[in-house]
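In the numbering used here, each residue's number is its place in the sequence shown (first place is 1) plus 9. In this text, a Cβ means the ideal position worked out from N, Cα and C, and glycines have one as well. Written out below as structure tokens is the structure these notes cover.
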Amino acid sequence: MESSDFLVIGSGLAGLSFALKAAAVGRVLVLTKDRLPESATEYAQGGIASVWSADDSFEEHSQDTMTAGASLCHQDIVDLVVREGPEHVRQLIALGTRFSTRGGKHADEYDLGQEGGHSRRRILHASDATGREIMRALIEAVRREPNIKVLEKHLAVDLLIDSKFDPAIKRPSCWGAYALDVTTGVVGRYQAKATLLATGGAGKVYLYTTNPDVASGDGIAMAWRAGVPVGNMEFIQFHPTCLYHPRAKSFLITEAMRGEGAILRRPDGEAFMKRYDARAELAPRDIVARAIDSEMKVHGFEHVYLDITQRDAEFVRQRFPVIYERCLEFGIDITRDQIPVVPAAHYCCGGVMTDADGATAIQRLYAAGEVTMTGLHGANRLASNSLLEGLVFGHRAAASAQLLVRGDRQRTPDLPDWNPGKAVNSDEMVVVTQNWDEIRRMMWNYVGIVRSNRRLARALKRITLLQEEIREYYWDFLVTGDLIELRNIALVAELIIRSAISRKESRGLHFNIDYPQRDDAKWLHDTVLPPGGERSAEPAHGDRSASSGV
Ligand code: FAD
Ligand code: SIN
Numbered sequence: 010m011e012s013s014d015f016l017v018i019g020s021g022l023a024g025l026s027f028a029l030k031a032a033a034v035g036r037v038l039v040l041t042k043d044r045l046p047e048s049a050t051e052y053a054q055g056g057i058a059s060v061w062s063a064d065d066s067f068e069e070h071s072q073d074t075m076t077a078g079a080s081l082c083h084q085d086i087v088d089l090v091v092r093e094g095p096e097h098v099r100q101l102i103a104l105g106t107r108f109s110t111r112g113g114k115h116a117d118e119y120d121l122g123q124e125g126g127h128s129r130r131r132i133l134h135a136s137d138a139t140g141r142e143i144m145r146a147l148i149e150a151v152r153r154e155p156n157i158k159v160l161e162k163h164l165a166v167d168l169l170i171d172s173k174f175d176p177a178i179k180r181p182s183c184w185g186a187y188a189l190d191v192t193t194g195v196v197g198r199y200q201a202k203a204t205l206l207a208t209g210g211a212g213k214v215y216l217y218t219t220n221p222d223v224a225s226g227d228g229i230a231m232a233w234r235a236g237v238p239v240g241n242m243e244f245i246q247f248h249p250t251c252l253y254h255p256r257a258k259s260f261l262i263t264e265a266m267r268g269e270g271a272i273l274r275r276p277d278g279e280a281f282m283k284r285y286d287a288r289a290e291l292a293p294r295d296i297v298a299r300a301i302d303s304e305m306k307v308h309g310f311e312h313v314y315l316d317i318t319q320r321d322a323e324f325v326r327q328r329f330p331v332i333y334e335r336c337l338e339f340g341i342d343i344t345r346d347q348i349p350v351v352p353a354a355h356y357c358c359g360g361v362m363t364d365a366d367g368a369t370a371i372q373r374l375y376a377a378g379e380v381t382m383t384g385l386h387g388a389n390r391l392a393s394n395s396l397l398e399g400l401v402f403g404h405r406a407a408a409s410a411q412l413l414v415r416g417d418r419q420r421t422p423d424l425p426d427w428n429p430g431k432a433v434n435s436d437e438m439v440v441v442t443q444n445w446d447e448i449r450r451m452m453w454n455y456v457g458i459v460r461s462n463r464r465l466a467r468a469l470k471r472i473t474l475l476q477e478e479i480r481e482y483y484w485d486f487l488v489t490g491d492l493i494e495l496r497n498i499a500l501v502a503e504l505i506i507r508s509a510i511s512r513k514e515s516r517g518l519h520f521n522i523d524y525p526q527r528d529d530a531k532w533l534h535d536t537v538l539p540p541g542g543e544r545s546a547e548p549a550h551g552d553r554s555a556s557s558g559v
């Protein structure tokens with residue numbers, strides 16, 4: 010057993026921002042399931058949206074966020090994030106983050122990028138490797154901080170909720186988590202006075218995604234099993250432009266390229282976006298992804314093209330150096346060749362519901378970043394608002410958790426160690442790989458960019474069967490990283506399907522051909538899946554032997 014004041018699960022922008030602030034008042038333990046930098050943050054390209062120039066305003070950034078979110082954003086949260094954003098971006102800069110500047114006579118001014126849905130240039134970026142630069146600065150700061158300890162290759166399995174061990178407790182609290190040391194296979198108990206879920210998104214639920222392998226929705230699944238409501242899971246954002254090449258796994262072509270004039274073309278050369286939206290390539294992402302999907306399905310194209318060849322070659326190489334090099338590895342010179350692209354699952358707008366301080370429905374449990382549903386994104390996230398959300402809520406949650414820990418008089422209860430029960434080593438790993446593949450393919454085909462009642466009903470039937478199989482397997486065999494993730498993607502898939510079935514209209518990222526219209530009279534509200542479902546009532550692992558067969 011290891012104990013600390015704060016337990017942080019996840020080491021992206023949200024987790025590390027929280028850790029750095031919390032370290033001012035207590036000991037922080039960061040658990041992360043891969044290496045420290047491995048996160049969606051590390052791969053962020055376009056940048057971080059923030060009101061920066063004199064001709065921009067908080068009102069305009071708020072309005073753009075609300076418009077992209079198809080009227081489901083919470084105005085108070087939007088205003089809060091937009092207003093607090095610039096201050097936190099300045100702190101990132103003070104920490105050592107180097108954003109790109111305009112160069113020449115304007116070398117002291119930041120170069121502000123443009124992306125879909127933004128009425129102004131307001132995206133601070135580090136060429137096309139913004140996430141890598143932010144993570145570099147955060148990790149250096151974390152390494153300088155004696156109050157922070159990081160355990161890499163430690164995968165949180167489930168949260169330690171006191172009421173799961175003592176049903177007499179009416180207001181549950183979270184006292185940390187069980188986590189698997191991936192290297193040794195041992196599950197340990199990590200207790201803390203305050204716990205932050207910062208596990209990022211769930212792109213791996215889909216066959217094609219821009220997300221890194223760590224994005225398997227673990228935090229959403231853990232929170233829901235613990236009894237925290239989850240909201241707006243039907244709103245999965247598909248990024249319009251992922252590189253299409255048999256050897257290119259999950260490589261994004263940033264929206265900022267369209268901001269610099271890149272044009273989407275069909276294989277016959279037609280620039281088709283104006284037929285779909287007057288804003289053409291700079292329409293919000295849901296519209297652009299659906300337009301590409303429609304062109305591909307109607308005409309049987311395997312992909313469309315993104316064309317930046319009309320811009321000066323030196324500019325393209327300078328502005329998009331990572332994309333230039335990566336495409337060159339596949340024989341595509343983006344200064345001369347069009348780039349083959351397809352949409353791919355990119356961002357989960359829904360998640361663990363929190364208040365404005367990142368607090369969840371369970372005491373001592375906070376959440377920040379992509380794992381959450383704070384109300385910022387509504388039915389569709391505005392480009393580059395995600396890094397901003399993780400940064401602002403990482404800080405807000407830390408401020409709230411600091412107060413809790415400082416004034417804490419409650420003794421940390423000694424909860425049971427993980428009990429593997431009668432579980433044995435599995436000799437049938439094929440069950441795991443088969444189910445992974447089946448879920449991801451089914452979600453791509455049935456619960457993708459365009460949905461229908463029939464496909465959603467089929468998906469629910471399939472996921473219910475698969476979950477039965479996975480549950481048996483989970484309780485009978487010793488856990489591995491793959492098995493834990495499989496259990497989580499299956500649950501997150503179920504939450505997405507159930508949310509999509511419940512919304513009988515089309516709005517933002519949720520498009521159902523059986524209800525093609527938006528219906529404000531009936532559906533101008535969040536989709537909330539309350540806890541208490543069959544799976545959220547799963548037992549605590551301290552008594553795993555008694556629970557086998559559940
Ligand atoms: P992440 O950065 O994803 O970090 C999650 C962390 O949790 C990781 O360290 C992971 O290993 C860890 N973890 C997960 N599960 C567990 C577990 N069970 N136990 C222990 N650790 C766990 N947004 C923008 O605003 N601007 C952009 O330019 C932009 N570009 C993007 C480009 C790409 C290719 C991708 C994939 C996303 C992009 N996004 C962008 C979205 C944005 O990067 C993410 O939403 C954001 O970085 C999420 O930050 P986070 O801290 O919440 O999670
Ligand atoms: C991109 O660079 O296109 C991704 C930006 C984002 O996801 O906000």
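Q. Could you name the residues, in chain order, whose CB is less than 5 Å away from a heavy atom belonging to the ligand SIN?
A. 54, 55, 263, 264, 392, 393
**Q.** Local conformation of residue 300 per DSSP, three classes
**A.** Position 291 of the sequence shown, counted from the first residue, corresponds to residue 300. It is helical.
Q) When the Cα of residue 376 is compared with those of 305, 532, 238, 73, which residue comes out closest? A) As a first step, residue 376 is located in the sequence shown; it is residue number 367 there, counting from the start. For residue 376, the nearest C-alpha among the options comes from 238.
Q.
Can you list, in chain order, the residues of its chain with a C-beta nearer than 7 Å to that of residue 12? Leave out the 5 residues immediately preceding and following it.
A. Residue numbering aside, residue 12 sits at position 3 when the sequence shown is read from its first letter. So the list reads 200, 201, 421, once near-sequence residues are dropped.
Q: Inspect the beta-carbon positions of residue 161 and residue 28 and report whether they are closer than 9 Å.
A: The sequence position of residue 161 within the sequence shown is 152, counting from 1. The sequence position of residue 28 within the sequence shown is 19, counting from 1. Not closer than 9 Å, so no.
Q.
Mapping the DSSP letters down to three states, classify residue 23 as helix, strand or coil.
A. Indexing the sequence shown from 1 puts residue 23 at position 14. Note: residue 23 maps to helix in three-state DSSP.
Q: Reducing DSSP to helix, strand and coil, say where residue 184 ends up.
A: As a first step, residue 184 is located in the sequence shown; it is residue number 175 there, counting from the start. Strand at residue 184.
**Q.** First through last residue of the alpha helix (DSSP H) which encompasses residue 330
**A.** Here the question's residue 330 lines up with position 321 in the sequence shown. From DSSP, the alpha helix (DSSP H) with residue 330 extends over 330-338.
Q: Alpha carbon to alpha carbon, how far is residue 277 from residue 23? Give it in angstroms, no decimals.
A: Here the question's residue 23 lines up with position 14 in the sequence shown. Here the question's residue 277 lines up with position 268 in the sequence shown. C-alpha separation (whole angstroms): 43 Å.
Q. Does DSSP put residue 200 in a helix, a strand or coil?
A. As a position in the sequence shown, residue 200 is number 191, starting the count at 1. Correct three-state label for residue 200: strand.
**Q.** Option in 129, 52, 47, 93 with minimal Cα separation from residue 65
**A.** If you number the sequence shown from 1, residue 65 lands on position 56. Out of 129, 52, 47, 93, 129 has the C-alpha closest to the C-alpha of residue 65.
Q.
Quick check on residue 15: buried or exposed, where buried means 16 or more other Cβ atoms within 10 Å of its Cβ?
A. For the purposes of this step, residue 15 is identified with residue 6 of the sequence shown, where counting begins at 1. With 16 or more other Cβ atoms within 10 Å, it is buried.
**Q.** Coarse secondary structure for residue 555, derived from DSSP in three states
**A.** As a first step, residue 555 must be located in the sequence shown, where it is residue number 546. Residue placement at residue 555 cannot be trusted, given a pLDDT of 34 that sits under 50; the coordinates are not used to answer.
(Q) Please classify residue 386 as buried or exposed, where buried requires at least 16 neighbouring CB atoms within 10 angstroms. (A) Translated into the one-based positions of the sequence shown, residue 386 becomes position 377. Buried: at least 16 other Cβ atoms inside 10 Å.
Q | Cβ neighbours of residue 2 in the same chain (closer than 6 Å, five flanking residues each side left out) | A | Outside the displayed range of the chain (10 to 559) lies residue 2, so it cannot be described from this structure.
Q | Assigned secondary structure, residue 73 (DSSP; H/G/I helix, E/B strand, else coil) | A | Walking along the sequence shown from the start, residue 73 turns up at place 64. Residue state, collapsed to three classes: helix.
Q) Rounded to a whole number of angstroms, what is the C-alpha to C-alpha distance between residue 246 and residue 355? A) The residue given as residue 246 occupies position 237 in the sequence shown. The residue given as residue 355 occupies position 346 in the sequence shown. Spanning the two alpha carbons is a distance of roughly 6 Å.
Q) Should residue 477 go down as buried or exposed, given a rule of 16 or more other Cβ atoms within 10 Å for buried? A) Position 468 of the sequence shown, counted from the first residue, corresponds to residue 477. Looking at its Cβ environment, which holds fewer than 16 other Cβ atoms inside 10 Å, residue 477 is exposed.
Q) Relative to the ligand FMN, is the shortest distance from any of its heavy atoms to the C-beta of residue 534 smaller than 8 Å? A) No copy of the ligand FMN occurs in the structure displayed; its ligands are the ligand FAD and the ligand SIN alone.
(Q) Here's the rule I'm using: 16 or more other beta-carbon atoms within 10 Å means buried, otherwise exposed. How should residue 20 be labelled? (A) Residue 20 sits at position 11 when you count from the first residue of the sequence shown. Residue 20 comes out buried.
Q | Coarse secondary structure for residue 372, derived from DSSP in three states | A | Position 363 of the sequence shown, counted from the first residue, corresponds to residue 372. Here residue 372 sits in strand by DSSP.
Q | Alpha-carbon spacing of residue 46 relative to residue 159, whole angstroms | A | Here the question's residue 46 lines up with position 37 in the sequence shown. Here the question's residue 159 lines up with position 150 in the sequence shown. Straight-line Cα distance between these residues: approximately 11 Å.
Q. Buried or exposed: residue 384, going by 16 or more other Cβ atoms within 10 Å of its Cβ?
A. Walking along the sequence shown from the start, residue 384 turns up at place 375. Classification of residue 384: buried, given that the 10 Å Cβ count is 16 or more.
Q) Could you give the uninterrupted runs of the alpha helix (DSSP H) lying entirely in the region 381-456, keeping only those of 4 residues or more? A) 394-415, 439-455
(Q) Tell me which residue opens and which closes the beta strand (DSSP E) that residue 363 is part of. (A) Stepping through the sequence shown from its first residue, residue 363 is reached at position 354. Careful: residue 363 lies outside any beta strand (DSSP E) and carries neither H nor E.
Q) Among residues of its own chain, excluding the 5 on either side of residue 553, which ones have a beta-carbon nearer than 8 Å to its beta-carbon? A) By 1-based counting over the sequence shown, the position of residue 553 is 544. Bear in mind that the predicted position of residue 553 carries a pLDDT of just 47, short of 50, making it too unreliable to give a figure here.
**Q.** Nearest candidate by alpha-carbon position, reference residue 143, set 491, 450, 396, 534
**A.** Walking along the sequence shown from the start, residue 143 turns up at place 134. Residue 143 has its Cα closest to that of 396, out of 491, 450, 396, 534.
Q. Do the CB positions of residue 315 and residue 273 come within less than 9 Å of each other?
A. One-based indexing of the sequence shown puts residue 315 at position 306. One-based indexing of the sequence shown puts residue 273 at position 264. Yes, they are a contact pair.
Q. Residues in its own chain within less than 6 Å of residue 558 by CB, not counting five upstream and five downstream?
A. Reading the sequence shown from its first residue, position 549 is the one you call residue 558. Annotation note: pLDDT 26 at residue 558 (below 50); position unreliable, coordinate value reported separately. Closer than 6 Å at the Cβ level, and outside the excluded window around residue 558, lies no residue.
Q. Between residue 106 and residue 135, is the Cβ-Cβ spacing less than 9 Å?
A. In the sequence shown, counting from the first residue as 1, residue 106 sits at position 97. In the sequence shown, counting from the first residue as 1, residue 135 sits at position 126. In contact: residue 106 and residue 135 (Cβ atoms closer than 9 Å).
Q: Can you give me the Cβ contacts of residue 51 inside the same chain, cut-off strictly under 8 Å, excluding the 5 residues immediately before and after it?
A: For the purposes of this step, residue 51 is taken as the residue at position 42 of the sequence shown. If we look at residue 51 and ignore the five residues flanking it on each side, its Cβ neighbours are 21, 140, 141, 144, 221.
Q: List the residues that DSSP assigns as beta-bridge partners of residue 349.
A: Numbered from its first residue, the sequence shown carries residue 349 at position 340. Residue 349 is bridged to 314.
Q.
What does the Cβ neighbour count give for residue 118, buried or exposed, with the cut at 16 atoms within 10 Å?
A. The sequence position of residue 118 within the sequence shown is 109, counting from 1. Exposed.
Q) Is residue 40 near the ligand FAD, in the sense that its beta carbon is under 8 Å from a heavy atom of that ligand? A) Taking the sequence shown and counting its residues from 1, the one referred to as residue 40 is at position 31. Flag set: Cβ of residue 40 near the ligand FAD.
Q) Among 116, 124, 96, 133, which one has its Cα closest to the Cα of residue 108? A) Within the sequence shown, residue 108 is the residue found at index 99, counting from 1. Ranking 116, 124, 96, 133 by Cα distance to residue 108 puts 133 first.
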